[in-house]
Amino acid sequence: MKIPARPAPQSVVQRIRRLLRITLLAIAALSITAVLLDRLFPLHLPAPDTSSTVVLARDGTPLRAFADSDGVWRYPTTAKQVSPLYLQALLTYEDRWFYRHPGVNPYALLRGAFGALRHGRVISGGSTLTMQVARVISPIPHTFAGKLVQIFRALQLEAHLSKAQILDLYLNHAPFGGPIEGVEAASWAYLGEPASRLSHAEAALLAVLPQSPSLLRPDRHPDAARRARDKVLTRMRDEGLWSSAQLHDAEIEPVVARSLRAPLDAALLAERLHQQQPQARRIVTTIDANLQRAVEDRVSDYLSRLPPRTSAAVLVVDNATLEARVYVGTAAFADPLRLGHVDMVRAPRSPGSTLKPFLYGLALDDGLITSQSLLVDAPQDFGGYKPSNFDDSFNGPVSVAEALQRSLNVPAVDVLDHVGPNRFVARLANGGVDLGLPSGAQPNLSIILGGASTRLENLVGAYTAFANGGVAGAPRYLAEQPQQTRRLLSPGAAWIIRNILSTNPAGVEGAPLEGTVSRHDAVAWKTGTSYGYRDAWAIGVTDAWTVGVWIGRPDGTPSPGQYGAVTSLPLMFAVADMLPNDRHHVHAAQPASVRQVDICWPLGGAAVNTPAALCRQRRKAWTLDGAVPPTFAERDITAWSAGLIRLRLDAKGRRLSGTCHAKDERSIQIARWPALATPWLSADDAAQAALPPLAPGCAPDSLDVASPIRIAGIGQGARLRQAPNSTQPLRVTLQALGATGEVQWLLDGRLQGSSEGGASMHVNLLKAGDHRITALAQDGAFAQLLVHVDSV
99 MKIPARPAPQ SVVQRIRRLL RITLLAIAAL SITAVLLDRL FPLHLPAPDT
149 SSTVVLARDG TPLRAFADSD GVWRYPTTAK QVSPLYLQAL LTYEDRWFYR
199 HPGVNPYALL RGAFGALRHG RVISGGSTLT MQVARVISPI PHTFAGKLVQ
249 IFRALQLEAH LSKAQILDLY LNHAPFGGPI EGVEAASWAY LGEPASRLSH
299 AEAALLAVLP QSPSLLRPDR HPDAARRARD KVLTRMRDEG LWSSAQLHDA
349 EIEPVVARSL RAPLDAALLA ERLHQQQPQA RRIVTTIDAN LQRAVEDRVS
399 DYLSRLPPRT SAAVLVVDNA TLEARVYVGT AAFADPLRLG HVDMVRAPRS
449 PGSTLKPFLY GLALDDGLIT SQSLLVDAPQ DFGGYKPSNF DDSFNGPVSV
499 AEALQRSLNV PAVDVLDHVG PNRFVARLAN GGVDLGLPSG AQPNLSIILG
549 GASTRLENLV GAYTAFANGG VAGAPRYLAE QPQQTRRLLS PGAAWIIRNI
599 LSTNPAGVEG APLEGTVSRH DAVAWKTGTS YGYRDAWAIG VTDAWTVGVW
649 IGRPDGTPSP GQYGAVTSLP LMFAVADMLP NDRHHVHAAQ PASVRQVDIC
699 WPLGGAAVNT PAALCRQRRK AWTLDGAVPP TFAERDITAW SAGLIRLRLD
749 AKGRRLSGTC HAKDERSIQI ARWPALATPW LSADDAAQAA LPPLAPGCAP
799 DSLDVASPIR IAGIGQGARL RQAPNSTQPL RVTLQALGAT GEVQWLLDGR
849 LQGSSEGGAS MHVNLLKAGD HRITALAQDG AFAQLLVHVD SV
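Quick note: the sequence shown uses this note's numbering, first residue 99, plus one each step.
As structure tokens, this is what we get:
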């Protein structure tokens, strides 16, 4: 047998070189082909801004999500932001070799192919996580050709992206049923919690759900979802990653999913911020999610007892940070009957009486008043403007504190007339409250009674000044939003006004009833009602919080009988009671500029500087910077001069005028009350303020009533009775004899109407009992009579 000769060593080397050349050429050809295919069929990755927008509470809880252009709910997240348990379950169950393969796992593909041949159906698809991402980001048919395309796309993904980027694509785009994509959206939609806080059972459920999102949806097929979840749990135990005890605890955890719905809390705030930042995908607000939901539920329950079409708005601001914790822009979002799409937190509305605290605070800063300065609540004419109170009643002499606490209108207009409407509007604007006036209108006296417009958020921001030493601030809705603060009042004026608003005496209309008082100490509160019952307001301030409530109809139609003290105040106190009572907020100390001084009515000066005979009423007043101003001088009053009057008297105590003299003259001082206050004075005060009669032979002076009036038509002390079987109210016809101008008629302090000169006036007496009828002329002259109506 002939043994063939061994090839020469040179021929072996040549073969090896040839094989290397072929290999290199093949690799080059494959590389070129791959590059060409990559260029011809480029990978289309989802754009970074294709996710839906989610607006979050301060703790990360979604408040509202805005779907993308395809109607998909997708909350952006990363592997660092989801639970490690979920990542562990996902990679173990779906792709254990994810970090080791190049996008395709040949062993898994072969195993899937053999399984399909053996069982006649697909048992295991053999897809890697990368291949699943390829199918998720671009539609690929479930065919053999589609599988080849899927493999190609997976290789492309691995070539262009890191493993972390591929994993993030899966976390954000994996299907979870319905319009839900991504694990974060699924976790909130089904479980009501972020993907960062998943339990073992929840992690296993979300890991398996994308395998068959329609058939395994926990809200529709909880049993199927549970079986699939338990399969994952068993795999995790068998792999030694989770213990048997953890498996046992997870298996007994029920599969309970919420009905699939997008979050919709603080909906109008979310819409507002989304419009401001249309490109942002995660907007983190300052809202407290739990508090927001609780207040929304309270508002919904509260309004169920109010007239149809009534809506509400609530804004709660942290005084220390100016961050909004609650933002309820409507009572029922998207309810067409309530115009639920209208955000009443920022809708311009008439503020009613809610501006009065700032007016009195500004008057304090100007040195015009103290907290107990004498004002007159009586019919007055301010250059043709004749304001009346909410209930058409008048109270005569009142203090600044009483006028503010009882929200009396005439005293407020009187103070504004001294401060000046233009200056008041300018100071409010400087403090962040821009008042809207009708086109072409200039600031006037009506603005203090609601004759302008502003927004709830502006009012709440301004009211924070009473907790922050007079510095107002704009509410903040985003954590990164810088604070915007402005000086509105001095620290002393803010302290005095807050003290007044937090010490409302018992019995004041609108005060909380016994048993319903807020658990917060000294809530300073103010209500307001616009003309025609269109807007009902209540705003409260504590050390920690400022709460604003508006109730009304967004279309501006009236809601008769609904006003601030009755409608909005109870809801404001209910919300205040829901707020954390943060003991870290210290009540502001009394500023050094504020001190308490005894003053005297009617003159208004300090008691220490007022003779005892001239101090008819002594009151403890809060003063600012030592200012103790006198009572306002009267306007357009000629018949009665208020203030300190020095008179000369003859020996018989008769008044001497002008050049009139007598033997044994003596001088006296009289403290006169404002003329319009005299109908409400006690008999003793009226007697002390009365002028002595003019001495015979002396020329008349200007101190006497120029045109005294007398009520005719009924006698003093008359007893009246309703006519038998009459259904008409008891009516009396009266005249003010001696009057030459307008006469205001009051019944028990409540305005009934006016007459001119001696014209007749009809007054209805609706109730049995004693009644006081007053005729009050513009020059201060008045007449009164008492009558009694017998019961039928």
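C-beta: ideal position from N, C-alpha, C; glycine also. No experiment lies behind these values; they were computed from the predicted model shown.
{"Asked": "Residue from 649, 385, 555, 327 whose Cα sits closest to the Cα of residue 160", "Found": "385"}
{"Asked": "Proximity below 9 Å, CB of residue 741 to CB of residue 770", "Found": "yes"}
{"Asked": "Check whether residue 583 and residue 566 have beta carbons under 9 Å apart", "Found": "yes"}
{"Asked": "Cα-Cα separation, residue 642 to residue 841", "Found": "49 Å"}
{"Asked": "Local conformation of residue 388 per DSSP, three classes", "Found": "helix"}
{"Asked": "Cα-Cα separation between residue 540 and residue 547, rounded to whole angstroms", "Found": "15 Å"}
{"Asked": "Touching by the beta-carbon criterion (3+ pairs, under 8 Å), the stretch 269-284 and the stretch 308-321", "Found": "yes"}
{"Asked": "Helix, strand or coil at residue 843 [DSSP, three-state]", "Found": "strand"}
{"Asked": "Within the stretch 723-789, ranges of the beta strand (DSSP E) (whole runs, at least 3 residues)", "Found": "741-747, 764-770"}
{"Asked": "Presumed contact (8 Å Cβ cut-off) between residue 457 and residue 513, rounded CB distance", "Found": "6 Å"}
{"Asked": "DSSP-derived helix/strand/coil call for residue 411", "Found": "strand"}
{"Asked": "Within 9 Å, strictly: CB atoms of residue 525 and residue 460", "Found": "yes"}
{"Asked": "First through last residue of the beta strand (DSSP E) which encompasses residue 651", "Found": "Run containing residue 651: none; DSSP gives neither H nor E here."}
{"Asked": "Own chain, CB closer than 6 Å to residue 500, minus 5 neighbours either side, in chain order", "Found": "none"}
{"Asked": "Beta-bridge partners of residue 715, as assigned by DSSP", "Found": "699"}
{"Asked": "Backbone secondary structure at residue 608 - three-state DSSP", "Found": "For residue 608, the pLDDT reaches just 46, beneath the cut-off of 50, and the residue's location in the model is therefore unreliable, although a value from the coordinates is still provided. Reduced to three states, the DSSP call for residue 608 is coil."}
{"Asked": "Completely contained alpha helix (DSSP H) runs for the stretch 293-358, where each covers 4 or more residues", "Found": "298-306, 320-336, 342-349"}
{"Asked": "Residue 652 classed as buried or exposed, judged by whether at least 16 other C-beta atoms fall within 10 angstroms", "Found": "buried"}
{"Asked": "Expected contact under 8 Å - CB spacing of residue 621 and residue 705 to nearest Å", "Found": "Actually they do not touch by this definition, with Cβ atoms about 32 Å apart."}
{"Asked": "Contact the stretch 770-782 vs the stretch 873-885: 3+ CB pairs below 8 Å", "Found": "yes"}
{"Asked": "Element boundaries [alpha helix (DSSP H), containing residue 245]", "Found": "242-258"}
{"Asked": "Endpoints, the beta strand (DSSP E) within which residue 848 is located", "Found": "848-854"}
{"Asked": "Sequence-distant residues of the same chain with beta carbon closer than 6 Å to residue 717, five excluded per side", "Found": "470, 697"}
{"Asked": "Pairwise C-alpha distance: residue 281 and residue 327", "Found": "15 Å"}
{"Asked": "Paired residues, beta bridge with residue 862 - DSSP", "Found": "829"}
{"Asked": "Simplified DSSP state of residue 394, which is helix, strand or coil", "Found": "helix"}
{"Asked": "Of the residues 865, 869, 873, 874, the one placed nearest residue 889, counting alpha carbons only", "Found": "865"}
{"Asked": "Buried or exposed by the 16-neighbour rule on C-beta atoms within 10 Å, applied to residue 298", "Found": "buried"}
{"Asked": "Closest Cα partner of residue 629 within the set 495, 361, 284, 655", "Found": "655"}
{"Asked": "Coil, strand or helix - residue 372 by DSSP", "Found": "helix"}
{"Asked": "Supposed contact pair residue 624 and residue 599 - C-beta distance, whole angstroms, cut 8 Å", "Found": "6 Å"}
{"Asked": "Environment of residue 111 [buried if 16+ CB atoms lie within 10 Å]", "Found": "exposed"}
{"Asked": "Residue(s) in a DSSP beta bridge with residue 808", "Found": "835"}
{"Asked": "Strand pairing of residue 381, partner residues [DSSP]", "Found": "153"}
{"Asked": "Reference residue 758, options 307, 799, 671, 413, closest by Cα", "Found": "799"}
{"Asked": "Residue 57, buried or exposed, once every other Cβ within 10 Å from all chains shown has been counted against 16", "Found": "With the chain covering only 99 through 890, there is no way to say anything about residue 57."}
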